[in-house]
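What follows is one structure encoded as structure tokens, with my remarks underneath.
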Amino acid sequence: NLSPGTSLTIDPITKTLYYSHSSPPKISSYFTKTSESTDLLMTNLASPISIQYHESPPLLPGPCLRENNDNKFLTASSHFIMKIPLILRLIQLLGYFPIPLSPPSTFSPSQIEIKDDSSSSSPILAKIKSKLPQRIVSQSFLILLGTFYSFVLLAVVVTFFLEFNYWLKNVPGFWAKGRGIFFSAVILKALSHILCSVVVKLGMIYRRGRLKLFYNNFLSMIDSVGEMTGSGCDEEGLQSNRYQKRLSIKAYLFLVLITAWSFELFADFHFQSTAVLSYTFAYVTPPIMGYYHSLFPFLVAFFLNWYLESLKRIRTVVANKLRYMETIKIEKFSKRENSKGASSWYLVHNNNLNLHRIPNDTEILSSLYNLVRQQSLQFNRIFGFWITLDMAHSLLRIVFSAYFIVSLMCLQVYNLRSIVQNIMTVIVYFYLLYMVCKKGSDIAGESEKVVDVLESLISLEKGQEIHGRLKPIKIETNFFNVDLKIITPILGTVTTYLLVLIQFQKGDRKNVNVGEE
């Protein structure tokens, strides 16, 4: 155990713990940060971190430092770093979110060699340098993937204009198809796939620097929430959230479904006796890429789930303290009471009661909520336009699929499989819209609850009513709020455009009949 007043320093680059004694200390408790220090898990640190040991219990539980007697190393465990779900890595392979998911500055469970101040070399630094090229290759690979997919879709447009006359002569029925509203709808749908997918992929590549900063801040937010609402060295910590498993199951089911649709679409064209390779490429590629672009809402839901999890944890902690204060009938704290530790309260987590002496706990909880809010604002600024574009893409997909259903059912001989597939497309894409909007509504509702209990807690401590000090969290774009209130306008828009297309289809059929006569 260190004596009070002992100073420690951790080099943020080498992650080396420096101490002022000649013998390695045995660390069996937490450390609190000085006013100049930065969280151990924060990135882009420009100077070493000074940590001061105190006799009082810590302000916040942090990473646990344990001694390993076998090899004289201290093991630094940060159990709050989230686990990267496999579905997120699969989404990256489709060209989205082209940044490493495990930034090199992350303070992951590792071994930290105890050194004196005079020491200058570190095996950890050599290990980081050896892994640096791998990280560069990883990011370069992700950027190349997104660029490749974008060029493939742009090649479809070039192929259409270059091969159009060739298709007129060699693709049976191509001219008859091209004269109708149905074929025009197919072209418009393909253009929506190409535009949405290319803009989002290239936009993420162009703004990868801001994405990386956003992701590092996102990890820091998760760690801060885990430290404040967790239970110290809990083996689970905040590695995942209560919604991740269900989201992964939905994403895997959706991935299987769109993969089956893609193979079916390709097989229908490729194995025809009159198949033309360029026509198959131009006709099949846009809808297939559109199918896989529809995994983008799961990327959005991944981040929204963490905001919702953070808010629920904060509300639980605040509600526990408010309940404790009301139980013991404390209406306010004086400086004298705080100095005696009268503001000690129970944090309930995983059915365990841990007593912490936290004089400024309400201010910390308010700051923690504001941290989540600021992070959500950064999410809105970066993802807002892409969410708008993706919702427009899903809306067009629903409109065109509904139109195809009506058109196919009006034929004398219709393809039942195509009708069923378009019906499922309408259901699936409407659910994707609902899923994202539902998360936005849940976050807005949960943030209002957090604001209510926090302001009640502040009012109880200060002895006066406090309102309007904290602002609620909203997931929004530059055009609308992402919540369930936009579902009704979406249904109205789908109905309106569907009726317009049906009217055009009727007029087109009359013209065709007159021409045939």
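In terms of my numbering, the sequence shown opens at residue 3 and continues consecutively.
All residues carry an ideal CB built from backbone N, CA and C; glycine is no exception.
Quick caveat, the model's predicted, so the values are computed rather than measured.
Residue j and residue i - do their beta-carbons sit closer together than 8 Å?
| i | j | result |
| --- | --- | --- |
| P288 | V200 | no |
| K247 | L459 | no |
| I251 | Y294 | no |
| I93 | F300 | yes |
| L310 | I477 | no |
| Y431 | R399 | yes |
| V438 | A404 | no |
| A253 | L297 | yes |
| L313 | V258 | no |
| V188 | W388 | no |
| S443 | D485 | yes |
Given that a residue counts as buried once 16 or more other Cβ atoms are within 10 Å of its Cβ, and exposed if not, what is residue i?
| i | result |
| --- | --- |
| R317 | buried |
| I151 | The sequence shown places Tyr at residue 151, not Ile. By the neighbour-count rule (16 or more Cβ atoms within 10 Å), Y151 is buried. |
| K473 | exposed |
| Y192 | In the sequence on display, residue 192 carries Ala and not Tyr. Label assigned to A192: buried. |
| I86 | exposed |
| Q377 | buried |
| T497 | exposed |
| N424 | buried |
| R471 | exposed |
| S369 | exposed |
| S37 | Here S37 scores only 36 on pLDDT, less than 50, and its place in the model should not be relied on; the value that follows carries that caveat. Its Cβ having fewer than 16 others within 10 Å, S37 is exposed. |
| L221 | buried |
| M411 | exposed |
| V320 | buried |
| M426 | exposed |
| I89 | buried |
| F406 | buried |
| I384 | buried |
| K441 | buried |
| R315 | buried |
| V502 | exposed |
| F481 | exposed |
| S420 | exposed |
| L418 | exposed |
| L144 | buried |
| S22 | Because the pLDDT of S22 is 48, which lies under 50, any placement of that residue in the model is unreliable, and the number read from its coordinates should be weighed accordingly. By the neighbour-count rule (16 or more Cβ atoms within 10 Å), S22 is not buried but exposed. |
Cα separation between residue i and residue j?
| i | j | result |
| --- | --- | --- |
| K475 | T282 | With the sequence shown as reference, residue 475 is identified as Ile, and Lys is not the correct amino acid for it. Taking the straight line from one Cα to the other gives about 47 Å. |
| Y245 | E450 | 20 Å |
| G292 | L493 | 21 Å |
| I196 | G97 | 14 Å |
| R479 | K487 | The question names Arg, but residue 479 is Thr in the sequence shown. Spanning the two alpha carbons is a distance of roughly 14 Å. |
| Y499 | D270 | 29 Å |
| S461 | V455 | 10 Å |
| S264 | L155 | 15 Å |
| Y326 | I489 | 41 Å |
| L279 | V173 | 10 Å |
| E467 | E457 | 8 Å |
| Y208 | I101 | 11 Å |
| T390 | F99 | 17 Å |
| M230 | G447 | 22 Å |
| L103 | K214 | 9 Å |
| F163 | S242 | 49 Å |
| G228 | N372 | 15 Å |
| L146 | G205 | 14 Å |
| P111 | T495 | Residue placement at P111 cannot be trusted, given a pLDDT of 37 that sits under 50; what the coordinates show is reported in the next sentence. Cα-Cα distance, rounded: 51 Å. |
| V452 | F381 | 20 Å |
| F216 | S194 | 28 Å |
| N219 | S186 | 45 Å |
| P491 | V422 | 26 Å |
| F506 | F256 | 33 Å |
| Q414 | L95 | 43 Å |
| L190 | H469 | 51 Å |
| S107 | R91 | Caution is warranted here: a pLDDT of 45 is assigned to S107, below 50, making its placement in the model unreliable, and no coordinate value can be reported. |
| E165 | G386 | 37 Å |
| R210 | I290 | 25 Å |
So, under 8 Å CB-CB, residue i and residue j are touching, yes? Tell me the CB distance rounded to an integer number of Å.
| i | j | result |
| --- | --- | --- |
| I224 | W169 | So it is not a contact: roughly 52 Å between Cβ atoms. |
| E463 | T329 | Contact doesn't hold; Cβ gap of about 15 Å is too wide. |
| L249 | A303 | 6 Å |
| L306 | V286 | Wrong, their Cβ atoms sit about 33 Å apart, outside the cutoff. |
| S396 | L367 | Rounded, the Cβ-Cβ distance is 38 Å, inconsistent with contact. |
| A284 | T149 | Not a contact, Cβ separation roughly 20 Å. |
Are the C-beta atoms of residue i and some chain C residue less than 8 Å apart?
| i | result |
| --- | --- |
| D454 | Any reference to chain C falls outside this structure, which holds one protein chain only. |
Item to check | Runs of alpha helix (DSSP H) lying entirely within the region 361-420, each at least 4 residues, in chain order | outcome: 363-411
Item to check | In chain order, each alpha helix (DSSP H) run of at least 4 residues that lies wholly inside the region 218-295 | outcome: 246-272 and 279-295
Next on the checklist: I'd like the ranges of any alpha helix (DSSP H) spanning at least 4 consecutive residues and lying wholly in the region 145-209.
Outcome noted: Counting whole runs of 4 or more residues, the region 145-209 contains the alpha helix (DSSP H) stretches 176-180 and 183-208.
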